[in-house]
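Residue numbers (the numbering used here): 4 to 247.
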């Protein structure tokens, strides 16, 4: 199950006759894990969220897995997958601890091995904790989904992380990019949670605007609409709408 699917369940679980009692729910979409955690305490069943990293070109879910006991980042199974981090521009290796691009080499895969396969995910490698193998940090973005707003590099996943940290907002949002003369303009379209008044929505918008300004150095327009106001899409959620 992906994070988008779980958010749909979040919106439906209060409906009469809808019950997940006795059901197993597994989240395997690492980039959306913060969205899974955001609904963890808002469901009528027990949910424990952990990071599981993988991609189909390597093996699928299971390249790295977080321990449920401490949740301190996924352990990379280095006996099967050799991880490196590289500078995405020079493609040269950089020391562990630098937040740059992940590459993997398969060590035991026979049918379709890969060598220094570029994930395009931005992360860093950390020392092992409960296991001797290295851990990987939470994905901070991708080299191929970076937005450049007024000369500043901004990743949608970073904005999502700050949006989910603002109390009173739902997990549905879109980022809209357009031109205002010669300048890029970023608008964050978000939704209020349940029982949020218009006055409260204005305060919430101001808080999110300031958080984005503080972490990215970019001034964004923030709208907080009623529940259901952000457009939904079939399948994978559309997070960026580029009107430039």
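Note that CB positions come from ideal geometry on N, CA and C, so glycine has one too.
Open item on the list: Given a cut-off of 8 Å on the beta-carbon distance, is the pair residue 99 and residue 88 in contact?
Closed with: yes
TODO: In angstroms with no decimal places, state the Cα-to-Cα distance between residue 179 and residue 198.
DONE: 26 Å
Open item on the list: Which same chain residues end up closer than 7 Å to residue 216 when comparing Cβ atoms and leaving out the 5 residues on each side of it in sequence?
Closed with: 222
TODO: Closer than 6 Å by C-beta to residue 126: which residues in its own chain qualify, once you throw out the five before and the five after it? Chain order, please.
DONE: 105, 139, 140, 142
- [ ] Taking 8 Å as the threshold, find out whether the segment 146-165 comes into contact with the segment 178-197 through three or more Cβ pairs.
- [x] yes
Open item on the list: Classify residue 231: buried if its beta carbon has 16 or more other beta carbons within 10 angstroms, exposed otherwise.
Closed with: exposed
Open item on the list: Here's the rule: buried if 16 or more other CB atoms are within 10 angstroms of the residue's CB, otherwise exposed. What is residue 243?
Closed with: exposed
Task: Span separating the alpha-carbon of residue 291 from that of residue 135 - done: The requested residue 291 is not part of the displayed model; the chain covers only 4 to 247.
- [ ] Using a threshold of 8 Å, state whether the C-beta atoms of residue 214 and residue 169 are closer than that.
- [x] yes
Task: Same chain, Cβ closer than 6 Å to residue 66, neighbours up to 5 away in sequence not counted - done: 56, 57, 84
- [ ] Just the C-alpha distance for residue 245 and residue 144, rounded to the nearest angstrom, thanks.
- [x] 18 Å
Task: Own chain partners of residue 119 with C-beta closer than 6 Å, once the 5 adjacent residues on each side are dropped - done: 106, 108
TODO: Please look up how many angstroms separate the CB atoms of residue 241 and residue 172, rounded, as I've assumed it's under 8 Å.
DONE: The pair is not a contact, with the Cβ atoms about 18 Å apart (cut-off 8 Å).
TODO: Please go through the same chain and pick out, in chain order, the residues whose beta-carbon is closer than 7 Å to the beta-carbon of residue 93, but skip the five residues on each side of it.
DONE: none
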